[in-house]
Amino acid sequence: MSTGKKIAVAGATGRLGRHVVDVLTERGHRVVPVSRSTGVDIESGAGLAEALEGVETVIDAASTPSPDERVATEFFTAAARNLHEAGAKAGVRRLVVVSIIGIDGSVAGYNAAKLAHEREVLAGPVPTRVLRAAQFHEFVEQLAQWGRQGDTVYVPRMRTQLVAARAVAEALVDLALTEDDVSSAVPFAEVAGPREESLEEAVRLLLRTRGDTATVVAVSDPDNPDRELFENGGLLPGARARLAGPGFAEWVASA
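The sequence shown begins at 1230 in the working numbering and counts up one residue at a time.
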């Protein structure tokens, strides 16, 4: 008989969620995949009560493809309320949510939406843990696509400590399963890559590896209220963060 826990993963088919499912399965746990493709919608709550029956822990790795602050905020806050409501009724003992390093000062865009998500999820009845992560290696390609104009790729000037989604998944699972008291002087656990990296250089490396000769230009947008946060190290991890490889160059080489 399996001794693993029954754990639901919201966003189970997404960029991060699929890795969370893999890690849990490899460790012998019973995974309940929660996604629209499995008939469960955490934004509307449809199918959620049934999905959480007998579940001990929920790991929320769900996201929205929209970078629009209003759209993203509506998604995250609705999802948080629904997970808490259904989770409390089902007897869920713990909710673990992924967020973003350094967003305390965010006032606009997706990061501000995630900050609203943190507030909403921490206000609910199910005991909640938050893991803040650096930008994913997988995020680099998406940003390159968003910023492409012909043979030029424009990306925001950003200091970051890029981390693989698989490494974040492992940290999420560890946080979900530990029985230790995780409260400390550091408000949230953090996970980041092994070293600071420039987003501009990461995009350039990715394109070069793929034989793409596009010119990469780092943009400093004076109209972005989060510009200083991006450019001056506000997204870098704290001294107590969990640092996990591979670095971006190693990740690209192995992809």
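Ideal placement from N, C-alpha and C gives every residue a C-beta, glycine not left out.
Own chain partners of residue i with C-beta closer than 6 Å, once the 5 adjacent residues on each side are dropped
i            : result
residue 1399 : 1252
residue 1414 : Summary for residue 1414: the model assigns pLDDT 40, below 50, so the residue's position carries little reliability, and this model does not support an answer.
residue 1326 : 1289, 1350, 1359
Environment of residue i [buried if 16+ CB atoms lie within 10 Å]
i            : result
residue 1461 : exposed
residue 1364 : buried
residue 1361 : buried
residue 1390 : buried
residue 1336 : exposed
residue 1448 : exposed
residue 1437 : exposed
residue 1254 : exposed
residue 1484 : exposed
residue 1291 : buried
residue 1352 : exposed
For residue j and residue i, the rounded distance between their alpha carbons
i            : j            : result
residue 1423 : residue 1478 : 11 Å
residue 1481 : residue 1394 : 13 Å
residue 1305 : residue 1262 : 18 Å
residue 1280 : residue 1468 : 38 Å
residue 1307 : residue 1416 : 23 Å
residue 1234 : residue 1318 : 18 Å
residue 1354 : residue 1381 : 48 Å
residue 1284 : residue 1323 : 10 Å
residue 1243 : residue 1294 : 10 Å
residue 1406 : residue 1392 : 21 Å
residue 1310 : residue 1441 : 43 Å
residue 1385 : residue 1421 : 19 Å
residue 1376 : residue 1445 : 9 Å
residue 1470 : residue 1300 : 30 Å
residue 1378 : residue 1321 : 47 Å
Sequence-distant residues of its chain with Cβ nearer than 7 Å to residue i (five each side left out)
i            : result
residue 1347 : 1328, 1359
residue 1195 : Nothing can be reported for residue 1195: it is not among the residues displayed for the chain, which extend from 1230 to 1484.
residue 1271 : 1239, 1263, 1277, 1291, 1308, 1311, 1312
Residues that residue i bridges to, as DSSP identifies them
i            : result
residue 1419 : 1361
residue 1378 : 1381
residue 1388 : 1427
residue 1318 : In the DSSP output, where bridge partners are listed per residue, residue 1318 has none listed.
residue 1328 : 1361
residue 1369 : None; residue 1369 has no bridge partner.
residue 1238 : 1262, 1288
residue 1323 : 1286
residue 1471 : 1420
Backbone secondary structure at residue i - three-state DSSP
i            : result
residue 1444 : strand
residue 1464 : coil
residue 1401 : helix
residue 1413 : Annotation note: pLDDT 43 at residue 1413 (below 50); position unreliable, no value reported.
residue 1347 : helix
residue 1178 : Outside the modelled stretch of the chain, which goes from 1230 to 1484, sits residue 1178, for which no answer is possible.
residue 1272 : coil
Cβ shell of residue i (< 8 Å), same chain only, five flanking positions each side left out
i            : result
residue 1409 : none
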